[in-house]
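Residues 49 to 468 (this note's numbering) make up the sequence shown, in order.
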Amino acid sequence: MSLFLSAPLSSALRRCTPALRRATGGLAAAPCQAVPSRTFIDVKRLLGESGPEPPSAGQLLAEYRSMTAEDAARCRSPPRRCSMLARDFVDDSLYNPHYGYFSKQATIFTVEDDEGFAFNSCRDTLEFMNRIGARYAEIEGDLNDPWYGYAIAKYIATEYKLNHFPQEDLVIYEIGAGNGTLMLNVLDYLRDNEPAVYKRTQYRIIEISPKLAERQTQRHEVRDVRDAHHGRITIVNRSIFDWDQPVTESCFFIAMEVIDNFAHDVIRYNVKTGEPMQWFPLAPNLTEPEFLPTKALLLLEKLRDYFPRHRLVLSDFYTLPDAVPGVDAPVVQTRYQRTMVPCSTYLVQPGWFDIFYPTNFELLRDVYRLVCRSSRPANTTRIMGEREFLERFADVERTRTISGENPMLDYYENNKFLLS
Ligand SMILES: C[S@@+](CC[C@H](N)C(=O)[O-])C[C@H]1O[C@@H](n2cnc3c(N)ncnc32)[C@H](O)[C@@H]1O
49 MSLFLSAPLS SALRRCTPAL RRATGGLAAA PCQAVPSRTF IDVKRLLGES
99 GPEPPSAGQL LAEYRSMTAE DAARCRSPPR RCSMLARDFV DDSLYNPHYG
149 YFSKQATIFT VEDDEGFAFN SCRDTLEFMN RIGARYAEIE GDLNDPWYGY
199 AIAKYIATEY KLNHFPQEDL VIYEIGAGNG TLMLNVLDYL RDNEPAVYKR
249 TQYRIIEISP KLAERQTQRH EVRDVRDAHH GRITIVNRSI FDWDQPVTES
299 CFFIAMEVID NFAHDVIRYN VKTGEPMQWF PLAPNLTEPE FLPTKALLLL
349 EKLRDYFPRH RLVLSDFYTL PDAVPGVDAP VVQTRYQRTM VPCSTYLVQP
399 GWFDIFYPTN FELLRDVYRL VCRSSRPANT TRIMGEREFL ERFADVERTR
449 TISGENPMLD YYENNKFLLS
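Encoded structure:
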């Protein structure tokens with residue numbers, strides 16, 4: 049496996065997008081050693097045993113038992129001498145309860161300032177990024193500033209009042225809520241700006257990580273003492289993929305930077321016949337790999353089956369720097385000496401690497417329409433650039449620096465929304 053180094057922080061921050069922040073960990077590049085890796089196929093050993101002829105796909109498949117991520121979830125260490133679909137391998141690497149990346153790491157960066165980030169006190173975007181960069185040097189994660197949450201709240205309140213108020217309550221589901229910051233900001237905004245809506249609001253989180261679910265609970269208890277979101281919040285520690293209760297009421301369904309970690313399948317096409325192939329060790333004449341968002345498809349099926357009256361508010365990266373080769377390919381990175389180091393393959397030691405994909409929003413929108421909105425007009429589902437969304441719903445005046453720039457708008461430059 050080869051490794052290449054990320055661009056220094058200075059140039060990354062100049063481009064100042066969430067994906068870059070995540071890709072660089074907010075630090076300058078440093079020299080590093082290769083991180084040990086293991087792929088599915090121990091080619092050297094196989095070549096040694098079976099002579100100079102490379103083993104066929106059939107031989108490999110016969111020798112290695114096939115496993116799914118569900119099978120591997122029972123293993124306490126990464127299984128050896130087995131084959132998996134790319135989707136299962138990545139899913140296991142990230143979510144295995146014993147050694148998965150998220151089982152080991154669950155720290156999310158938050159700007160812990162009740163008044164929000166003081167954009168107005170920054171000279172310009174460069175100073176804003178320097179101040180944020182200093183915080184990222186301490187801890188990796190995502191920026192959850194109140195202004196962003198307020199924009200989401202304003203959007204939801206506007207849509208709710210237009211279409212559901214006063215007949216129905218405002219029910220919000222959020223999956224993958226991280227520290228729970230967005231929830232607190234949305235509820236704060238509704239309480240302070242939309243009291244009639246706030247009275248009718250229920251906020252429910254579905255969070256896979258026990259550590260984060262616990263933190264969300266602790267934080268809302270702390271806030272409950274001081275304030276009154278009491279009785280409005282429910283936190284369910286479960287994967288959305290295990291959800292099995294029908295929610296028949298209308299609801300908003302939020303997913304912010306969650307599907308980027310949903311595993312994809314990999315296919316390559318035979319260049320002569322056009323036939324797609326999912327298992328292709330050492331096979332010649334294939335196109336470059338294409339990554340297909342099959343777990344995201346499972347999420348859409350969950351929405352169709354269990355949240356039939358939902359309105360989707362999904363945001364994520366649509367482009368990422370330093371991705372591995374291929375179409376819609378992921379970034380694979382690990383922390384080494386406080387620097388995030390991107391790799392050139394997703395076939396790496398399970399549990400040590402974050403693997404996250406850009407979302408092909410046009411593809412997702414088309415699949416969403418087919419799965420969840422087949423009986424409604426196409427224009428009820430739309431893609432919106434994050435900048436456009438924030439220009440419409442955020443307080444752009446309070447987030448402007450002294451020089452007149454608005455770092456919040458640049459900050460989310462490579463994110464988009466899917467809204468329904
Ligand atoms: C990158 S963090 C994003 C946190 C937050 N939404 C934000 O934008 O800052 C991804 C979150 O999704 C959660 N998550 C990942 N897979 C999930 C699943 N299948 N079901 C529920 N939550 C999930 C993680 O535990 C984490 O809280």
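Every residue, glycine too, gets a C-beta built ideally from N, C-alpha and C.
Bear in mind the structure is a predicted one, so any value in this text is a computation, not a measurement.
Pick from 344, 444, 453 and 460: whose alpha carbon is nearest that of residue 432?
For this step, residue 432 is matched to residue 384 along the sequence shown. Cα-wise, what sits closest to residue 432 is 460.
Around the Cβ of residue 452, are there at least 16 other Cβ atoms within 10 angstroms (buried) or fewer (exposed)?
What you label residue 452 is simply residue 404 of the sequence shown in a count that begins at 1. With fewer than 16 Cβ atoms within 10 Å of its Cβ, residue 452 is classed as exposed.
Below 8 angstroms on the Cβ atoms is my contact criterion, and I expect residue 342 with residue 313 to pass it. Report the Cβ-Cβ distance as a whole number of Å.
Position 294 of the sequence shown holds residue 342. Position 265 of the sequence shown holds residue 313. Right, their Cβ atoms sit about 5 angstroms apart.
Let's see if you can read the secondary structure: which residues bound the alpha helix (DSSP H) around residue 440?
Mapped onto the sequence shown, residue 440 falls at position 392. 434-441 is the span of the alpha helix (DSSP H), which, as asked, contains residue 440.
How about residue 141 and residue 401: are their beta carbons less than 9 angstroms apart?
Position 93 of the sequence shown holds residue 141. Position 353 of the sequence shown holds residue 401. Going by C-beta atoms, residue 141 is nearer than 9 angstroms to residue 401.
What does the Cβ neighbour count give for residue 249, buried or exposed, with the cut at 16 atoms within 10 Å?
For this step, residue 249 is matched to residue 201 along the sequence shown. Result: buried.
Rounded C-beta distance between residue 346 and residue 289? I'm assuming under 8 angstroms.
One-based indexing of the sequence shown puts residue 346 at position 298. One-based indexing of the sequence shown puts residue 289 at position 241. About 6 angstroms; that satisfies the 8 angstroms criterion.
Nearest to residue 392 by alpha carbon, out of 384, 386 and 377?
The sequence position of residue 392 within the sequence shown is 344, counting from 1. For the residues 384, 386 and 377, the minimum Cα distance to residue 392 belongs to 377.
Alpha carbons only, please: which of 121, 383, 136 and 111 is nearest the one belonging to residue 471?
What is shown of the chain runs 49 to 468, which leaves residue 471 out entirely.
Just curious, the beta strand (DSSP E) that residue 204 is in, first and last residue?
Indexing the sequence shown from 1 puts residue 204 at position 156. Not the beta strand (DSSP E): residue 204 falls in the alpha helix (DSSP H), residues 194-211.
Excluding the 5 residues flanking residue 225 on each side, which residues of the same chain have their C-beta closer than 7 angstroms to its C-beta?
As a first step, residue 225 is located in the sequence shown; it is residue number 177 there, counting from the start. Result list for residue 225: 231, 253, 255 and 264, in chain order.
Which one or two residues does DSSP pair with residue 390 in a beta bridge?
Sequence index remark: in the sequence shown, residue 390 carries index 342 (1-based). Paired residues: 381.
Under the three-state reduction of DSSP, which class applies to residue 289: helix, strand or coil?
Along the sequence shown, read from residue 1 onward, the residue named residue 289 stands at position 241. If DSSP states are grouped into helix, strand and coil, residue 289 belongs with the helices.
Taking contact to mean at least 3 C-beta pairs separated by less than 8 angstroms, is the stretch 197-214 in contact with the stretch 288-302?
They touch, by the three-pair rule.
How big is the Cα-Cα spacing for residue 335 and residue 372?
Reading the sequence shown from its first residue, position 287 is the one you call residue 335. Reading the sequence shown from its first residue, position 324 is the one you call residue 372. Roughly 15 angstroms between the two C-alpha positions.
Quick one: grab the DSSP three-state call for residue 91.
Walking along the sequence shown from the start, residue 91 turns up at place 43. Residue placement at residue 91 cannot be trusted, given a pLDDT of 36 that sits under 50; what the coordinates show is reported in the next sentence. Residue 91 falls in the helix class under three-state DSSP.
Closer than 6 angstroms by C-beta to residue 357: which residues in its own chain qualify, once you throw out the five before and the five after it? Chain order, please.
Indexing the sequence shown from 1 puts residue 357 at position 309. Here the set comprises 298.
Pick helix, strand or coil for residue 303, following the three-state DSSP scheme.
Along the sequence shown, one-based indexing puts residue 303 at 255. Residue 303: strand per DSSP, three-state reduction.
Assuming residue 348 and residue 419 form a contact by the criterion Cβ under 8 angstroms, report the distance between their Cβ atoms to the nearest whole angstrom.
Here residue 348 is taken as the residue at index 300 of the sequence shown, counted from 1. Here residue 419 is taken as the residue at index 371 of the sequence shown, counted from 1. Confirmed, about 4 angstroms.
Please name the residue or residues paired with residue 112 in a DSSP beta bridge.
As a first step, residue 112 must be located in the sequence shown, where it is residue number 64. The partner list for residue 112 (beta bridge, DSSP) is empty, contrary to what the question assumes.
When every heavy atom of ligand 1 is checked, does at least one fall within less than 8 angstroms of the C-beta of residue 366?
By one-based count along the sequence shown, residue 366 stands at place 318. No, the Cβ of residue 366 stays beyond 8 angstroms of every heavy atom of ligand 1.
Where does residue 292 land, buried or exposed, given buried means 16+ other C-beta within 10 angstroms?
Counting from 1 along the sequence shown, the entry for residue 292 is found at position 244. Residue 292 is exposed by the Cβ-count criterion.
Beta carbon of residue 438, beta carbon of residue 199: below 9 angstroms?
Counting from 1 along the sequence shown, the entry for residue 438 is found at position 390. Counting from 1 along the sequence shown, the entry for residue 199 is found at position 151. The answer is yes: Cβ separation under 9 angstroms.
Hey, how far is the Cα of residue 277 from the Cα of residue 237?
Within the sequence shown, numbered from 1, the residue matching residue 277 stands at position 229. Within the sequence shown, numbered from 1, the residue matching residue 237 stands at position 189. Each residue's alpha carbon lies about 11 angstroms from the other.
Tell me the DSSP secondary structure of residue 462 in three-state form.
Position 414 of the sequence shown holds residue 462. Coil, per DSSP.
Would the beta-carbon of residue 110 be found less than 8 angstroms away from any heavy atom of ligand 1?
Start at 1 with the first residue of the sequence shown, and residue 110 comes out as number 62. No, the Cβ of residue 110 stays beyond 8 angstroms of every heavy atom of ligand 1.
Measuring from the CB of residue 149, is there a heavy atom of ligand 1 at a distance below 8 angstroms?
Here residue 149 refers to the residue found at position 101 of the sequence shown. No; taking the cut-off as 8 angstroms, the Cβ of residue 149 has no heavy atom of ligand 1 nearer than that.
Looking at C-alpha atoms only, which residue of 101, 287, 430 and 338 is the closest neighbour of residue 412?
Within the sequence shown, the letter at position 364 stands for residue 412. The residue with the shortest Cα to Cα distance from residue 412 is 430.
Is residue 362 closer than 9 angstroms to residue 465 when the C-beta atoms are compared?
Along the sequence shown, one-based indexing puts residue 465 at 417. Along the sequence shown, one-based indexing puts residue 362 at 314. Yes, these two residues count as a Cβ contact at 9 angstroms.
Ordered along the chain, which non-local residues of its own chain (more than five positions away) have a Cβ less than 7 angstroms from that of residue 379?
Sequence index remark: in the sequence shown, residue 379 carries index 331 (1-based). If we look at residue 379 and ignore the five residues flanking it on each side, its Cβ neighbours are 71, 368, 370, 371, 390 and 404.
Measure the alpha-carbon distance for residue 51 versus residue 311 and round it to whole angstroms.
Here residue 51 corresponds to residue number 3 of the sequence shown, with the count starting at 1. Here residue 311 corresponds to residue number 263 of the sequence shown, with the count starting at 1. Any reading at residue 51 is ruled out, since the residue's pLDDT is 28, under 50, leaving its predicted position unreliable.
Measuring straight from C-alpha to C-alpha, what distance separates residue 319 and residue 333?
Here residue 319 refers to the residue found at position 271 of the sequence shown. Here residue 333 refers to the residue found at position 285 of the sequence shown. For residue 319 and residue 333, the distance between alpha carbons rounds to 6 angstroms.
Could you tell me the alpha carbon to alpha carbon distance between residue 305 and residue 365, rounded to whole angstroms?
To locate residue 305, count along the sequence shown from 1; it is residue 257. To locate residue 365, count along the sequence shown from 1; it is residue 317. If you take the alpha carbons of residue 305 and residue 365, they lie about 7 angstroms apart.
Where does residue 415 fall in DSSP's three states?
If you number the sequence shown from 1, residue 415 lands on position 367. Of the three classes helix, strand and coil, the one that applies to residue 415 here is helix, per DSSP.
Within its chain, find whatever has a CB closer than 6 angstroms to the CB of residue 331; leave out the 5 residues flanking it on each side and keep chain order.
Residue numbering aside, residue 331 sits at position 283 when the sequence shown is read from its first letter. There are no such residues.
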